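Notes follow the structure.
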Amino acid sequence: MTEHKTEDLASQNSPRPLVDVRDLKVEFTLRKGLLSRVPLRAVDGISFQIGDGETVGLVGESGSGKSTTGRAILRLIEPTSGSVSLDGHSVTDMSRSELRKARRQMQMVFQDPYSSLDPSMTVGDTLAEPLKIHDGISRRAAQGRVIELLEQVGLARHHVDRYPYEFSGGQRQRIAIARAIAVNPKLIICDEAVSALDVSTQNQVITLLERLREEYKLSYLFISHDLGVVRHISHRVVVLYLGRIVEEGPVERVYSQAAHPYTEALLSAVPIPDPELQRSRSRILLHGDMPDPSSPPPGCVFHTRCPYAMEICRQVVPESTPVDGGGSVACHLQSSGTQPLQGASLAHLTATL
Amino acid sequence: MTDVSPTLFTPGETEADLPPPASVLARFLRRFRQQPAAMIAFFFLVAMVLVALGAPLLAPKDPTAQNLRAVLQPVSGAHLLGTDELGRDIFSRLIFATRISMLAAAQAVIISVGIGVLPGAIAGYFGGIIDTVIMRITDAIMSYPPLILAVAIVGLLGPNLRNAMIAIGILYAPRFLRLMRSTVMSVREETFIEACRSVGCSTPRIIGRHVLPNVMSPLLVQVSLVAGFAMLAEASLSFLGLGVQPPQASWGSMLGRSVRFLDRAPLMVIVPGLMIALTVLAFNIFGDGLRDSLGRETRRVR
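Going down the list, the protein sequences come from chains A and B. Letter by letter, the first sequence follows residues 30 to 382 in the working numbering. Letter by letter, the second sequence follows residues 366 to 667 in the working numbering.
Right under this line is the structure:
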């Protein structure tokens, strides 16, 4: 019932989502000891949509399954179950050769600009490769487009014969972005694309991503642990914890009125660039680490660290509930209790406890 | 190639106006020329190859003509490096031996590269059961004492230089296999391989265009090392009578036979030894030069 509601909500946001992820699960097999193998569910049944031209931020701490989700959508990691469709075509049902062809629609920008470019290829060769694969354009004939790409990401034409080692981190990330847009994709997954860069370079790269979003009508899945950056670039944000979506919704609503205690804690850790405000506000400190994903806790996965944990949280998995102001949350504070509390702010909720 | 849509170019620009992409060869030469030691080693090896090819023209005397009345002669106008225990001209023998030594090293390297590189790359790239099977076979080969295995192979095939080199090629193949396996394994884990997959590269393209160029440098260094080792191994086998058969000579067999006359004709030992040492050294320096001129470019501190 509640699931039905969230689907309706999503379809209101964008009539036909570009990317539709449904109940995606990714399991790894973990070796424990000599013979025993334990399944580890890195992504545990997540569903979300990305509309045309929309940027969705995917946040969560390390180990929450952010990168795995991004890779599973592109099938760089095979999902265990669930489906992903892009522009109406099911990515998860494609054969290997169909998938290779479909890759022109969906590209990725990786975290580490120092290892994501082939060190033995010139920048020109790296940028020409997708053109050769998808359009069959020879290296020589691709030169025009390669130079155009370089100039579009703010590099110069004489950089074409240089090797990656001759560039700074920010410049390399520009090259990686140029490679991603070379074949006019619809979706680019940015996996911590600016995390390895210093702050001023981050700004430049984000400005570049925003400009390209307009020029190429791109959708982004912006994976990051930096909530400030995500707020800046995203339209909507999805919060992951231990491979599950705990909250999602429009950026303004989530950042001003977090509906999940985990989101609230994450947001309270974002520094405010005002020393007075920064000192006066209360920070919510989460104790302990994320539980071992190979044996997730029963009930709500967050109950081991939740400051508001109730008895029901230890037993029942909370269902996704719509939130006032858009999006949904999976938290018993929001979905159970004596009176219908749907969508109320956390401060209000906890005051009544 | 010619039917590229015009939108690919910025207005007012034609393909002819654009600088063409730099060719791989031009880049290689630019980098190689910057290394004087490698250049010297390269010219030394070229000279050795020319000597090997032109041996009949260069040798002043017949390398097999004996003269028992002029054995163990010192350096003279008639015999540039003297004569050996059978009165043969050492200089001429040395020139003909160049041919055999170079050929032997080349054969061994080609055989071991041929046997080792592809299975090693496959084992490293795919891992799992394929890797296990290939590595267990390799372990079995490596568990034999090297010289015993060579002797066994030569015993099986018959004693001549070609069979000796087959044996040495087989012996050194696991070196290439293990090297390829480990370097391919580490390259394959790098993000740019995943990036290639996300761009849409097929597996053969990833191996050929991205993995192999990035493992070329250690491979070339290994080739130059094995060329040196093969030369030495050939000397050992020839010394045991399992390699080159008299009256033909290689540097190794000349060295082996002349040890007994070290006190009376030291040049007979020193000159072939020097040739082996210089050539092995040249192979190594040339290999280093290749490594620094091919594939992965890194920032160099000068």
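For each residue, glycine too, the CB sits at the ideal point set by N, CA and C. Just so we're clear, the structure is a prediction, and the values are computed from it rather than from any experiment.
- Relative to the Cα of G278/A, the nearest Cα in the group R129/A, D255/A and A287/A belongs to A287/A.
- Residue contact with chain A for V564/B: present (Cβ-Cβ distance below 7 Å to some residue of chain A).
- In the DSSP assignment, I274/A forms a beta bridge with L269/A.
- When only Cα atoms are considered, I635/B and M413/B end up about 18 Å apart.
- Excluding five sequence positions before and after Q307/A, the CB atoms of its chain that fall closer than 7 Å to its own CB belong to P300 and I301, given in chain order.
- Assigned with DSSP and collapsed to three states, T97/A falls in helix.
- DSSP places T121/A in the helix class (H, G or I) of the three-state scheme.
- With a threshold of 7 Å between beta carbons, P325/A makes no contact with chain B.
- Considering only R464/B, I465/B and P428/B, the residue with the shortest C-alpha distance to G452/B is P428/B.
- Shown here for L128/A: same chain residues with a beta carbon closer than 8 Å to its own, the five before and five after excluded, namely R104 and V120 in chain order.
- Against chain A, the CB of A486/B has no partner CB under 7 Å away; the residue lies outside that interface.
- Chain order gives the chain B residues near H163/A as V564 and G565, where near means a beta carbon separation below 9 Å.
- Short of 8 Å from the beta carbon of P68/A, and not among the five residues preceding or following it, lie these beta carbons of its own chain, in chain order: E56, F57, T58, L59 and S323.
- It is roughly 23 Å from the alpha-carbon of A430/B to the alpha-carbon of M467/B.
- Here the alpha carbon of G654/B sits roughly 12 Å from the alpha carbon of F408/B.
- DSSP places G638/B in the helix class (H, G or I) of the three-state scheme.
- Of the candidates D116/A, L238/A and E348/A, D116/A places its Cα closest to the Cα of R133/A.
- Per DSSP, M150/A lies in no alpha helix (DSSP H) and is assigned neither H nor E.
- Taking 7 Å as the cut-off, the Cβ atoms of S297/A and I274/A do not count as close.
- Our two residues, F594/B and A402/B, have alpha carbons roughly 21 Å apart in a direct line.
- Note that the stretch 501-513 of chain B does not touch the stretch 561-575 of chain B; fewer than 3 beta-carbon pairs, one per stretch, sit closer than 8 Å.
- Those residues of the stretch 135-148 of chain A placed with their C-beta closer than 7 Å to a C-beta in chain B are Q136, M137, F139, D141, S144, S145, L146, D147 and P148, ordered along the chain.
- Look at the stretch 60-92 of chain A: it has no residue with a C-beta under 7 Å from a C-beta of chain B.
- Among the CB atoms of chain A, none fall inside 7 Å of the CB of T548/B.
- One finds nothing in chain A with a Cβ atom closer than 7 Å to the Cβ of F491/B; even the nearest lies about 15 Å away.
- The C-beta of P583/B comes no closer than 7 Å to any C-beta of chain A.
- Between the alpha carbons of V609/B and A473/B lies a gap of roughly 14 Å.
- For D318/A, there is no enclosing alpha helix (DSSP H), as DSSP gives it neither H nor E.
- Under the DSSP assignment, Q136/A falls in the beta strand (DSSP E) whose first and last residues are M135 to V138.
- The alpha carbon of P142/A has as its nearest neighbour, out of T84/A, E158/A and A205/A, the alpha carbon of A205/A.
- Contact note: T556/B reaches chain A through F139, D141, S144 and S145, using a C-beta cutoff of 7 Å and chain order.
- None of the residues of the stretch 494-505 of chain B has a beta carbon lying less than 7 Å from any beta carbon of chain A.
- Below the 7 Å Cβ cutoff, chain A contributes S149 as neighbours of P578/B, in chain order.
- Around the C-beta of T155/A, 16 or more other C-beta atoms lie within 10 Å, and the residue is accordingly described as buried.
- For R129/A, the nearest beta carbon of chain B is closer than 7 Å to its own beta carbon.
- Sequence-distant partners of V645/B (beyond 5 residues in either direction) whose C-beta falls short of 7 Å from its own C-beta, in its chain, are G593 and M596.
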